[in-house]
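Asks: For the sequence shown, the numbering used here assigns the number 3 to the initial residue and increments by one for each residue that follows.
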Amino acid sequence: MVVTRKKFDQIFNEHTVLRSENDQLKIEIRLLREKLQYLIKKLFGRSSERLNPEQLELALDELQALQVELELAEDQAEEEPQESKRGKRKPLDERIPADLPVETIIIEPDEVKENPELWEKIGEERSEQLDVTPMRFFKIVTIRPKYKKIDDRSVAPIVAPAPKRLIENSYASAGLILHITLGKYCDHLPLYRQEQIFKQRFGVEISRKTMGGWMHLMANWLSLIYEALRNEIRASGYIQADETFIKYQDPKKDYCPNGYLWAYHSPEVGVLYEWHPSRAAECLDSMLSDYRGLLQSDGYIGYTSWLNKPAHVTEKEQITHAACWAHARRKFVESYGHPVAEDIVKLIAKLYRIETNLRKQNKTDRRATRQAQAAPILQQIKILLDTEQLRTLPKSAFGKAINYTLERWGMLNEYLEHPALEIDNNLVENAIRPTAIGKKNWLFFGSPNSGQDSAVLYSLIETCRKLSINPAEYLRDLFESLPTMNQQEITSWTPAKWKASREAHATSENA
Numbered sequence: 003m004v005v006t007r008k009k010f011d012q013i014f015n016e017h018t019v020l021r022s023e024n025d026q027l028k029i030e031i032r033l034l035r036e037k038l039q040y041l042i043k044k045l046f047g048r049s050s051e052r053l054n055p056e057q058l059e060l061a062l063d064e065l066q067a068l069q070v071e072l073e074l075a076e077d078q079a080e081e082e083p084q085e086s087k088r089g090k091r092k093p094l095d096e097r098i099p100a101d102l103p104v105e106t107i108i109i110e111p112d113e114v115k116e117n118p119e120l121w122e123k124i125g126e127e128r129s130e131q132l133d134v135t136p137m138r139f140f141k142i143v144t145i146r147p148k149y150k151k152i153d154d155r156s157v158a159p160i161v162a163p164a165p166k167r168l169i170e171n172s173y174a175s176a177g178l179i180l181h182i183t184l185g186k187y188c189d190h191l192p193l194y195r196q197e198q199i200f201k202q203r204f205g206v207e208i209s210r211k212t213m214g215g216w217m218h219l220m221a222n223w224l225s226l227i228y229e230a231l232r233n234e235i236r237a238s239g240y241i242q243a244d245e246t247f248i249k250y251q252d253p254k255k256d257y258c259p260n261g262y263l264w265a266y267h268s269p270e271v272g273v274l275y276e277w278h279p280s281r282a283a284e285c286l287d288s289m290l291s292d293y294r295g296l297l298q299s300d301g302y303i304g305y306t307s308w309l310n311k312p313a314h315v316t317e318k319e320q321i322t323h324a325a326c327w328a329h330a331r332r333k334f335v336e337s338y339g340h341p342v343a344e345d346i347v348k349l350i351a352k353l354y355r356i357e358t359n360l361r362k363q364n365k366t367d368r369r370a371t372r373q374a375q376a377a378p379i380l381q382q383i384k385i386l387l388d389t390e391q392l393r394t395l396p397k398s399a400f401g402k403a404i405n406y407t408l409e410r411w412g413m414l415n416e417y418l419e420h421p422a423l424e425i426d427n428n429l430v431e432n433a434i435r436p437t438a439i440g441k442k443n444w445l446f447f448g449s450p451n452s453g454q455d456s457a458v459l460y461s462l463i464e465t466c467r468k469l470s471i472n473p474a475e476y477l478r479d480l481f482e483s484l485p486t487m488n489q490q491e492i493t494s495w496t497p498a499k500w501k502a503s504r505e506a507h508a509t510s511e512n513a
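(1) Counting Cβ pairs closer than 8 Å, one from the segment 302-321 and one from the segment 392-409, do we hit at least three?
(2) Would the segment 153-161 count as touching the segment 466-476 if we require 3 or more Cβ pairs under 8 Å?
(3) Using a Cβ-Cβ cutoff of less than 8 Å, which residues in the same chain neighbour Glu419 once the five nearest sequence positions on both sides are dropped?
(4) Give the straight-line distance between the Cα atoms of Pro497 and Lys115, rounded to the nearest whole angstrom.
(5) Taking all protein chains shown into account, do 16 or more other C-beta atoms lie within 10 angstroms of the C-beta of Asn428, making it buried, or fewer, making it exposed?
(6) Do you know how far the Cα of Leu484 is from the Cα of Ser494?
(7) Taking just the CA atoms, how far does Tyr476 sit from Ala506?
(8) Check Trp264 in the structure and name its three-state DSSP category.
(9) Name the two residues that bound the continuous beta strand (DSSP E) containing Ala324.
(10) Return helix, strand or coil for Gly214, following the three-state DSSP convention.
(11) Out of Ala164, Val157, Ile160, point me to the one whose CA is closest to Thr144's CA.
(12) Assign Ala351 to buried or exposed, taking buried as 16 or more other Cβ atoms, counted over all protein chains shown, within 10 Å of its Cβ.
(13) With C-beta atoms as the reference, is Gly214 less than 8 Å away from Ser452?
(14) Which residue wins for smallest C-alpha separation from His2, given the options Ile31, Ala508, Val430, Pro473?
(15) Considering only residues of the same chain and omitting the five flanking positions on each side of Ile356, which have a CB-CB separation below 6 Å?
(16) So the alpha helix (DSSP H) His507 belongs to, where does it begin and stop?
(17) Could you tell me which of Gln489, Arg504, Trp500, Asp455 sits nearest to Tyr187, measuring between CA atoms?
(18) Since Ala243 sits in a beta bridge, which residues does DSSP pair it with?
(19) If we cut at 8 Å on Cβ distances, does Glu23 have a partner in chain C?
(20) Under the three-state reduction of DSSP, which class applies to Lys150: helix, strand or coil?
(21) Under the rule that 16 or more other beta-carbon atoms within 10 Å means buried, what is Phe400, buried or exposed?
(22) Going by the DSSP bridge assignment, what does Trp277 pair with across the sheet?
(23) Alpha carbons only, please: which of Asp479, Trp216, Asp112, Ala176 is nearest the one belonging to Lys141?
(24) On the criterion of 16 or more Cβ atoms from any shown chain inside 10 Å, does Leu58 qualify as buried, or is it exposed?
(25) So, helix, strand or coil for Gly453, using DSSP?
(26) Let me confirm a value: Lys333 is counted as buried when at least 16 other C-beta atoms fall within 10 Å, else exposed. Which label applies?
(27) Can you name the residues that DSSP bridges to Leu297?
(28) Give the DSSP-derived three-state secondary structure of Val143 in the structure shown.
(29) With DSSP as the reference, label Tyr250 as helix, strand or coil.
(30) Can you grab the Cα-Cα spacing for the pair Ile346 / His329, in whole Å?
(31) Out of curiosity, what's the CA-to-CA distance linking Pro450 and Arg195?
(32) How long is the line joining the alpha carbons of Leu349 and Ala243, rounded to whole angstroms?
(33) Specify, as a first and last residue, the run of the alpha helix (DSSP H) that Asn415 falls within.
(34) Skipping 5 residues on each side, what residues in its chain have a beta carbon closer than 7 Å to that of Leu380?
(35) Quick check on the burial criterion: 16 or more other C-beta atoms within 10 angstroms. Buried or exposed for Met137?
(36) Going by DSSP in three states, Gly304 sits in which element: helix, strand or coil?
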């Protein structure tokens with residue numbers, strides 16, 4: 003068979019094209035297999051995320067912020083075996099607050115009751131139980147007697163002034179409002195469930211619409227404290243930011259669109275939530291405009307987009323933007339099976355062990371320790387990333403992890419220079435977790451307005467938790483005092499100021 007030059011060139015070109023297509027298909031098959039393996043392990047693999055490639059990341063959203071701490075604890079347990087901490091169960095007195103009311107019951111023997119003069123007490127046997135009084139409804143009847151002067155009918159009758167109520171012209175007391183607020187925002191009970199509980203267990207009928215109106219009024223009342231909390235967080239000079247989606251009912255649409263609850267956390271002050279119907283960068287205006295200090299976030303492009311806008315040139319100069327090592331680490335964990343990815347995860351674990359030890363030290367010592375111990379490890383990670391980037395498929399899981407980390411390398415290293423910075427953004431993600439639990443129960447916000455109402459109440463309650471304040475104590479004191487406050491007084495009722503005032507009062511009493 004004779005093949006002409008033209009025919010040969012045609013066959014050669016077809017072969018070249020087919021070989022190129024074959025190589026491309028091999029790459030696509032490799033990426034698809036990688037994705038398939040990831041999805042299979044996501045569904046059926048073990049829930050904890052370890053260095054072993056056969057074990058996968060935690061699947062539940064609310065546990066994601068705990069992954070790094072969990073794995074580091076596991077790593078340390080493997081490297082430094084410790085004695086089991088399991089022991090005898092704590093006595094009841096160690097598991098309940100010391101100031102809990104005590105009800106004492108004394109049971110005398112029948113023989114002693116009949117002839118007490120024949121017996122002498124030589125001791126006693128004591129046992130303890132923990133009891134609870136179920137919630138109960140009761141009516142408060144306020145009577146203000148009216149008087150007339152006996153010897154002078156020209157004097158108008160007198161009556162004591164009516165006490166101011168939390169919600170004027172309403173039958174709801176401060177205690178009832180407190181109970182509903184804690185039920186929804188602490189215990190994640192939707193208003194319709196509270197409506198059912200009140201009716202079925204106590205025969206009290208309060209519609210969810212009425213309770214929703216009360217929550218809206220309270221959010222309006224507390225908006226000044228909310229803004230004061232915003233100012234405290236901005237003044238702290240360190241904001242960790244994150245956002246989570248929550249669906250809401252829009253009367254203009256026949257479906258529930260996604261809205262977003264933005265969280266701004268300051269480790270020393272607390273957390274503030276903002277509700278927005280979108281995830282647009284403009285949502286950051288209310289918190290970051292004219293802000294000066296540290297900003298830490300995940301890899302969402304909205305933060306860098308906001309800082310890079312021409313209108314925010316001043317803020318870009320005043321804000322140090324740091325990234326989150328927990329998010330970078332996750333990318334490498336998802337590159338299961340790649341030996342270099344596992345090496346990088348192990349190096350990141352060393353960074354976290356340094357941070358664990360630093361928690362026992364003063365924050366002013368952080369910079370020197372990080373420069374001496376963490377900087378060399380970061381240099382090792384950088385060398386691995388630069389080397390592997392040249393020989394790794396950009397679209398593979400490992401390639402994406404490399405590019406994600408290198409694109410944010412400067413921001414990931416900011417914590418070396420700033421002692422106040424945490425290595426990751428997990429604290430603000432922990433702050434978002436309670437809202438995620440609530441979202442599973444009430445599913446969506448009933449209207450765009452109810453989103454911001456919830457943001458106000460969540461902000462105060464979660465800030466209380468961050469500052470080790472009992473939200474019930476804070477809100478009860480606040481709700482009982484609100485009716486007699488003026489606008490200047492109310493701004494001094496942020497959880498941090500309330501706690502400081504209580505501590506100062508306790509100190510003066512003990513002096």
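Every residue, glycine too, gets a C-beta built ideally from N, C-alpha and C. Keep in mind it's a predicted model, so treat the numbers as computed, not measured.
Replies: This is what the structure gives:
(1) Flag = no, the segment 302-321 and the segment 392-409 do not touch.
(2) They do not touch, by the three-pair rule.
(3) Counting from 1 along the sequence shown, the entry for residue 419 is found at position 417. In its chain, beyond the 5 residues on either side, Arg369 have a beta carbon closer than 8 Å to the beta carbon of Glu419.
(4) As a first step, residue 497 is located in the sequence shown; it is residue number 495 there, counting from the start. As a first step, residue 115 is located in the sequence shown; it is residue number 113 there, counting from the start. Their Cα atoms are separated by approximately 54 Å.
(5) Within the sequence shown, the letter at position 426 stands for residue 428. So Asn428 ends up on the buried side.
(6) For the purposes of this step, residue 494 is identified with residue 492 of the sequence shown, where counting begins at 1. For the purposes of this step, residue 484 is identified with residue 482 of the sequence shown, where counting begins at 1. Approximately 12 Å between the Cα atoms of the pair.
(7) Working through the sequence shown from its first residue, we reach residue 506 at position 504. Working through the sequence shown from its first residue, we reach residue 476 at position 474. For Ala506 and Tyr476, the distance between alpha carbons rounds to 16 Å.
(8) Indexing the sequence shown from 1 puts residue 264 at position 262. In the three-state scheme derived from DSSP, where H, G and I count as helix and E and B as strand, Trp264 is classed as strand.
(9) Here residue 324 corresponds to residue number 322 of the sequence shown, with the count starting at 1. Here the beta strand (DSSP E) through Ala324 covers 321-324.
(10) Position 212 of the sequence shown, counted from the start, is the residue given in the question as residue 214. When DSSP states are grouped into helix, strand and coil, Gly214 belongs to the helix group.
(11) Here residue 144 refers to the residue found at position 142 of the sequence shown. For Thr144, the nearest C-alpha among the options comes from Ala164.
(12) Residue mapping note: residue 351 aligns to position 349 of the sequence shown, counting from 1. Classification of Ala351: buried, given that the 10 Å Cβ count is 16 or more.
(13) Translated into positions along the sequence shown, residue 214 becomes position 212. Translated into positions along the sequence shown, residue 452 becomes position 450. Pairing Gly214 with Ser452 gives a Cβ-Cβ distance under 8 Å.
(14) Lying before the first or after the last residue shown, residue 2 is absent from the chain, which here runs from 3 to 513.
(15) Here the question's residue 356 lines up with position 354 in the sequence shown. Once the five neighbours on either side are set aside, the close Cβ partners of Ile356 are Gln375, Ala376.
(16) Translated into positions along the sequence shown, residue 507 becomes position 505. For His507, the enclosing alpha helix (DSSP H) starts and ends at 497-512.
(17) Mapped onto the sequence shown, residue 187 falls at position 185. If we check each option's Cα against that of Tyr187, Asp455 comes out closest.
(18) Within the sequence shown, numbered from 1, the residue matching residue 243 stands at position 241. Answer is Tyr266.
(19) Of the protein chains in this structure there is only one, and it is not chain C.
(20) If you number the sequence shown from 1, residue 150 lands on position 148. Lys150 falls in the coil class under three-state DSSP.
(21) Sequence index remark: in the sequence shown, residue 400 carries index 398 (1-based). Buried: at least 16 other Cβ atoms inside 10 Å.
(22) Counting from one through the sequence shown, the residue named residue 277 turns up at place 275. Note: Trp277 sits in a beta bridge opposite Leu263.
(23) For the purposes of this step, residue 141 is taken as residue 139 along the sequence shown, with counting starting at 1. Among Asp479, Trp216, Asp112, Ala176, the Cα nearest to that of Lys141 belongs to Ala176.
(24) On the sequence shown, residue 58 is found 56 positions in, with the first residue counted as 1. Any reading at Leu58 needs caution, since the residue's pLDDT is 35, under 50, leaving its predicted position unreliable; the model's value is listed next. Buried: at least 16 other Cβ atoms inside 10 Å.
(25) Mapped onto the sequence shown, residue 453 falls at position 451. In the displayed model, Gly453 falls within a helix according to three-state DSSP.
(26) Here residue 333 refers to the residue found at position 331 when the sequence shown is read from its first residue. Per the 10 Å Cβ criterion, buried.
(27) Here residue 297 is taken as the residue at index 295 of the sequence shown, counted from 1. By DSSP's assignment, Leu297 forms a beta bridge with Ile241, His323.
(28) Stepping through the sequence shown from its first residue, residue 143 is reached at position 141. Coil, per DSSP.
(29) For the purposes of this step, residue 250 is taken as residue 248 along the sequence shown, with counting starting at 1. When DSSP states are grouped into helix, strand and coil, Tyr250 belongs to the strand group.
(30) Counting from 1 along the sequence shown, the entry for residue 346 is found at position 344. Counting from 1 along the sequence shown, the entry for residue 329 is found at position 327. The straight-line gap from Cα to Cα measures roughly 13 Å.
(31) Numbered from its first residue, the sequence shown carries residue 450 at position 448. Numbered from its first residue, the sequence shown carries residue 195 at position 193. Distance between the alpha carbons of Pro450 and Arg195 is about 21 Å.
(32) Counting from 1 along the sequence shown, the entry for residue 349 is found at position 347. Counting from 1 along the sequence shown, the entry for residue 243 is found at position 241. Distance between the alpha carbons of Leu349 and Ala243: 26 Å.
(33) Numbered from 1 along the sequence shown, position 413 holds the residue referred to as residue 415. That residue, Asn415, is in no alpha helix (DSSP H); it is neither H nor E in DSSP.
(34) The sequence position of residue 380 within the sequence shown is 378, counting from 1. Here the set comprises Asn415.
(35) As a working note, residue 137 is residue 135 in the sequence shown. Counting Cβ neighbours within 10 Å, Met137 comes out exposed, since fewer than 16 surround it.
(36) Taking the first residue of the sequence shown as position 1, residue 304 is located at position 302. In the structure shown, Gly304 sits in a helix (DSSP, three-state: H, G or I).
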